[in-house]
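Report on the structure given below.
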Amino acid sequence: MAKARGRGKPLRRRDKRGGPGSGRRKPCQHCRDKIEQVDYKDVAVLRKFVSEKGKIRSRRITGACRRHQVQIARAVKRARELALLPYVNEGGRDDSPRRDRDRDR
């Protein structure tokens, strides 16, 4: 006899509970501190939202809400334009694996 498939409702991915990705999202740091506008001159705060390579980190990583993530991105771009933040990390280019591979040829 064949196995009876589909007994009851199939379980969707979003209905599953548990796992490493489940859990409560951390609240936005700016909303928690009641900050209305992100300041482009506050370089110490903006550095937390920029990776080692100089990329702006995503909302999923930073935990910022949509409104503040847009403000963060705009503030980082303004700070870069005024030379308060670097566009790229200077030390990041030295250990590139492609450069070593091209030398062997």
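Residue numbers (the working numbering): 462 to 566. Note that the Cβ used here is the ideal one computed from N, Cα and C, for glycine as well.
query: Are the Cβ atoms of valine 499 and isoleucine 533 separated by less than 8 Å?
result: In contact: valine 499 and isoleucine 533 (Cβ atoms closer than 8 Å).
Boundaries of the alpha helix (DSSP H) in which arginine 493 is found, first to last residue: Element bounds for arginine 493: 490-493.
task: State the DSSP-derived secondary structure class of isoleucine 533, mapped to helix, strand or coil.
output: In this structure, isoleucine 533 counts as helix in the three-state DSSP scheme.
- prompt: Any idea if alanine 525 is buried or exposed, counting beta-carbon neighbours within 10 angstroms, 16 or more meaning buried?
  reply: Within 10 angstroms of the beta-carbon of alanine 525 lie 16 or more other beta-carbons, which makes it buried.
field: Assigned secondary structure, valine 499 (DSSP; H/G/I helix, E/B strand, else coil)
entry: Coil at valine 499, not helix or strand.
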